[in-house]
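K.L.:
For the sequence shown, position 72 (counting from the first letter as 1) is numbered 72 according to UniProt numbering, and the numbering increases by one without interruption.
Before I ask anything, here is the structure I am working with.
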Amino acid sequence: MKSSPLSAFSIGVVSGMRAFSGPALVSQKLSAETPNPLFNSRLAFMASPKVANVFKVLAGGELIGDKIPHGPDRISPPQLIARLASGATSGAVLSEARGASVRVGALLGAAGALAGAFAFFHLRRYLNHDQDVPDPLLAVIEDAITYGAGWAVVK
């Protein structure tokens, strides 16, 4: 897993697209690394296989929930706050694991989540409403982009 300001921002964008995706991807990657890159860190719990499994279950539930019509918009305040927290956490953990600034990683992760949430909300709305692309198809494409981009960031 490379660490750079762009990595923290990018995992934030992924978290803005799907709130649990960033923590799930980062935790899964770190739980497979030996030695634990977060050893003696306050964030060491994120490298636990149990935590990685919990995030994977939550992320899976989110993938299903996104396909349900009439769910809350990702840019509504509660949803957006969750995405900002997810992006900040993912950016901080990613940065800490690679010896970069946790604070900068958290700020960049939150900024990426904000950008990702709004950009993909409006893109999906445009494609669905103005271009008549079926929303379930857009949801599946967005899932693929989210996890494809996320794995590229954490590897």
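Note that beta-carbon positions come from the ideal geometry of N, C-alpha and C, so glycine has one too.
A19: which of L6, P72, S31 sits nearest, CA to CA?
P.N.:
P72
K.L.:
If you follow the alpha helix (DSSP H) that S4 is in, where does it begin and where does it stop?
P.N.:
That residue, S4, is in no alpha helix (DSSP H); it is neither H nor E in DSSP.
K.L.:
Distance, Cα to Cα, N128 vs R83?
P.N.:
In a straight line, the C-alpha of N128 is about 22 Å away from that of R83.
K.L.:
Hey, out of G12, A47, I75, L107, whose CA is closest to F118's CA?
P.N.:
I75
K.L.:
Looking at G87: is its Cβ nearer than 9 Å to the Cβ of G116?
P.N.:
yes
K.L.:
Taking buried to mean at least 16 other C-beta atoms within 10 Å of its own C-beta, is T34 buried or exposed?
P.N.:
exposed
K.L.:
Would you call residue 163 buried or exposed, if buried means 16 or more other Cβ atoms sit within 10 Å of its Cβ?
P.N.:
Nothing can be reported for residue 163, as the shown portion of the chain is limited to 1 through 155.
K.L.:
For my contact list, G99 and I11 are in at a C-beta cut-off of 8 Å; report their separation, rounded to the angstrom.
P.N.:
So it is not a contact: roughly 16 Å between Cβ atoms.
K.L.:
Report, in whole angstroms, the separation of the C-beta atoms of G150 and L25, which I expect to be a contact under 8 Å.
P.N.:
4 Å
K.L.:
Closest to L38 by C-alpha separation, out of V102, S4, P78, E62, would be which residue?
P.N.:
V102
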